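Colleague:
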Amino acid sequence: MARQPEGPPPPPTVQKLRIRYAKRGRLRFASHRDLARALERALRRATIPMAFSAGFTPHPKISYLGAAPTGAASEAEYLEIGLAERRDPEQVRAALDAALPPDVAVLECVEAAEGTGSLADRIDAACWRIELPGVALPELEQALAAFLARDVVEVARRTKNGLRDVDARAAVTCASAADEAGCAILSVVVRQVTPAVRPDDVLAALAAVADLRPPLPPRAVREAQGRLDDGGTVVDPLGPDRAARARCQGEHAAV
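Counting in numbering that gives the first Met the number 0, the sequence shown runs from 0 upward without gaps.
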């Protein structure tokens, strides 16, 4: 007979909250594992009543979605937490934000609406802004035109198992170049594929097709995540939860 954990089972999940947060400044260099540990410690410091898994090694019910690569900043990181007691989402947001380092900001917290699907199903693309100091706009425009004219641009990525070829072109749905205060800016929308195409893969592809090599380190920021609509726009993944909440409030007000 299998051994069972001692004591009563953990309380059930009574509420799910979905959180959007940003990682900025020096913490863009933190790994996903380090950031996850910081978030879990902050949840404890903020005394948020987390629900836990059953078994001999209970874990807080936290789901992370599509973490940005190490070295990239992000304004659109997402996680979902399960609570053992109901809490006001805005109070949870404020308490968690206060318990985190300054370079991690909790931007939004909404209650997961029933019947609207999972958060993971609402994310299949990301918008990236890549600053290229030392690169002139015409140089970037020429390289980008050469890249978009190709059907396939393979680049080599170093993995723990050695070098692997990645097609950086197929995942890019649209891209544009601009200039801000003398700095060339590359904006690109990238679909989630396997293996994932990252900003450094796109830059490696520009180097491959047009020998574009920024003299200074580029700065990548993920500005949004979500599903691509028919017009190529990345749709806010928390929108269905907000809409369901607004409908519920409207129905209560009408009673």
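C-beta atoms are modelled at their ideal positions from N, C-alpha and C, and glycine is treated no differently. Since we're looking at a predicted model, the values are computed, not measured.
Using 8 angstroms as the cut-off, can you tell me whether the region 197-212 makes contact with the region 166-177, which would need three or more C-beta pairs spanning the two stretches below that distance?
Modeller: yes
Colleague: Is the region 148-156 in contact with the region 181-190, if contact means three or more CB pairs nearer than 8 angstroms?
Modeller: no
Colleague: Apart from the five residues just before and just after MET0, which ones in its own chain have a Cβ nearer than 8 angstroms to its Cβ?
Modeller: By 1-based counting over the sequence shown, the position of residue 0 is 1. Annotation note: pLDDT 48 at MET0 (below 50); position unreliable, no value reported.
Colleague: Starting from LEU227, follow the beta strand (DSSP E) in both directions and report where the run begins and ends.
Modeller: Sequence index remark: in the sequence shown, residue 227 carries index 228 (1-based). Start and end: 218-227.
Colleague: State the Cα-Cα distance for the pair ALA71 and GLY181, rounded to the nearest angstrom.
Modeller: Counted from its first residue, the sequence shown places residue 71 at position 72. Counted from its first residue, the sequence shown places residue 181 at position 182. About 22 angstroms.
Colleague: How would you write the range of the beta strand (DSSP E) that GLN14 sits in, first residue to last?
Modeller: For the purposes of this step, residue 14 is taken as the residue at position 15 of the sequence shown. Run containing GLN14: 14-22, per the beta strand (DSSP E) assignment.
Colleague: Could you check whether ALA119 and LEU143 sit closer than 8 angstroms to each other, using their CB atoms as the reference points?
Modeller: As a first step, residue 143 must be located in the sequence shown, where it is residue number 144. As a first step, residue 119 must be located in the sequence shown, where it is residue number 120. Contact flag unset, no.
Colleague: Checking the sheet assignment: what are the DSSP bridge partners for VAL187?
Modeller: Within the sequence shown, numbered from 1, the residue matching residue 187 stands at position 188. Partner(s): TRP127, ALA174.
Colleague: In angstroms, rounded to a whole number, what distance separates the CA positions of ALA50 and ALA35?
Modeller: The residue given as residue 50 occupies position 51 in the sequence shown. The residue given as residue 35 occupies position 36 in the sequence shown. Rounded to the nearest angstrom, the two C-alpha atoms are 17 angstroms apart.
Colleague: Spatial neighbours of GLN90 within its chain, please: CB distance less than 6 angstroms, with the 5 preceding and 5 following residues excluded, ordered by chain position.
Modeller: Stepping through the sequence shown from its first residue, residue 90 is reached at position 91. So the list is empty, once near-sequence residues are dropped.
Colleague: Kindly indicate the opening and closing residues of the alpha helix (DSSP H) around ARG36.
Modeller: Working through the sequence shown from its first residue, we reach residue 36 at position 37. First-last of the alpha helix (DSSP H) with ARG36: 31-44.
Colleague: Write down the C-beta distance between LEU95 and ILE47 rounded to the nearest angstrom, noting that I regard them as a contact closer than 8 angstroms.
Modeller: Against the sequence shown, residue 95 aligns to sequence position 96. Against the sequence shown, residue 47 aligns to sequence position 48. That pair is a contact at about 7 angstroms.
Colleague: Assuming TYR77 contacts GLN224 under a Cβ cut-off of 8 angstroms, what Cβ separation, rounded to an integer in Å, is found between them?
Modeller: The sequence position of residue 77 within the sequence shown is 78, counting from 1. The sequence position of residue 224 within the sequence shown is 225, counting from 1. Rounded, the Cβ-Cβ distance is 7 angstroms, consistent with contact.
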